[in-house]
Amino acid sequence: MENNRSPNLNRLGAVYGLLWGVVALAVLKSLGGDFFRMTGWYLLGSIPTGILVTRLLAGRLGKTKAWKVWTYGPVALLQGTLIFAACMLVVIAGVEFTRDWRGVLESLQGLRFHDSLILFLWFPFFGFVTIVPIFLAVGNCWDLRRRMMRASSQG
């Protein structure tokens, strides 16, 4: 029996986010990064990213034609990498806040322009240059579209 319930977008987005966190860690590892040191922070930043991107695209993907999913994949990847960069800035600010127990404003001021430049330019760059995340994003959009179409057809 097929499940025609509307998907819980928060839970679905969190799962997507965790899986994308693993993808981000794999890209980091392939570039020679410190895989184990960053694991918790990447997964922490990936959950809200997955929820936000899922919520942003769910309605549109549920109404789109199948061939247009190919256009949504790169858009979702760009949105996801930029939202992930913003989430990672918040995570880094939180680490700075708890490390020195400074105030919130001082923690945010501790973020260097260089850090944000790297996050907002390099994350999307590596997402597209490594090619594989583009196809994963298209597959992710295809899955979300399928779930939204199934939920809307329940009448």
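For the sequence shown, the positions run 2 to 156 when this note's numbering is used.
Cβ coordinates follow ideal geometry from the N, Cα and C atoms, glycine included.
Quantities reported herein were computed from a predicted structural model and do not represent experimental measurements.
inquiry  = Can you check which of these residues, MET39, VAL28, LEU53 and SER31, is closest to VAL16 by C-alpha distance?
reply    = Within the sequence shown, the letter at position 15 stands for residue 16. The shortest Cα separation from VAL16 among MET39, VAL28, LEU53 and SER31 belongs to LEU53.
key: Identity of the residue in VAL91, ASP144 and ALA152 nearest TRP71 by Cα   = Position 70 of the sequence shown, counted from the first residue, corresponds to residue 71. Looking at the Cα atoms, ASP144 is the closest of the given residues.
request  = Go ahead and pull the three-state DSSP assignment for LYS30.
outcome  = The residue you call residue 30 lines up with position 29 of the sequence shown. If DSSP states are grouped into helix, strand and coil, LYS30 belongs with the helices.
query = In angstroms, rounded to a whole number, what distance separates the CA positions of LEU62 and ASN141?
reply = Sequence index remark: in the sequence shown, residue 62 carries index 61 (1-based). Sequence index remark: in the sequence shown, residue 141 carries index 140 (1-based). Rounded to whole angstroms, the gap between the alpha carbons of LEU62 and ASN141 is 11 angstroms.
key: Residue of LEU13, THR131 and SER7 minimising C-alpha distance to LEU186   = Because the chain here runs from 2 to 156, residue 186 falls outside it and cannot be looked at.
Option nearest ALA138 by Cα separation, candidates GLY51, ALA94, GLY46 and VAL96 = Position 137 of the sequence shown, counted from the first residue, corresponds to residue 138. When each option's Cα is compared against that of ALA138, the closest is GLY51.
task = Please confirm if LEU45 has its CB atom under 8 angstroms from at least one CB of chain C.
result = The question asks about chain C, but that chain is absent: this structure has only one protein chain.
inquiry  = If I follow the unbroken alpha helix (DSSP H) through ASN141, where does it start and stop?
reply    = In the sequence shown, counting from the first residue as 1, residue 141 sits at position 140. Per DSSP, ASN141 belongs to the alpha helix (DSSP H) from 133 to 153.
key: Same chain only: Cβ atoms within 6 angstroms of GLY128, ignoring 5 sequence neighbours per side   = On the sequence shown, position 127 is the one that residue 128 refers to. Same-chain partners within the cutoff: LEU78, THR82 and PRO134.
message = Do ALA67 and TYR43 have their beta-carbon atoms positioned less than 8 angstroms apart in this structure?
response = Sequence index remark: in the sequence shown, residue 43 carries index 42 (1-based). Sequence index remark: in the sequence shown, residue 67 carries index 66 (1-based). For TYR43 and ALA67, no; Cβs fall outside 8 angstroms.
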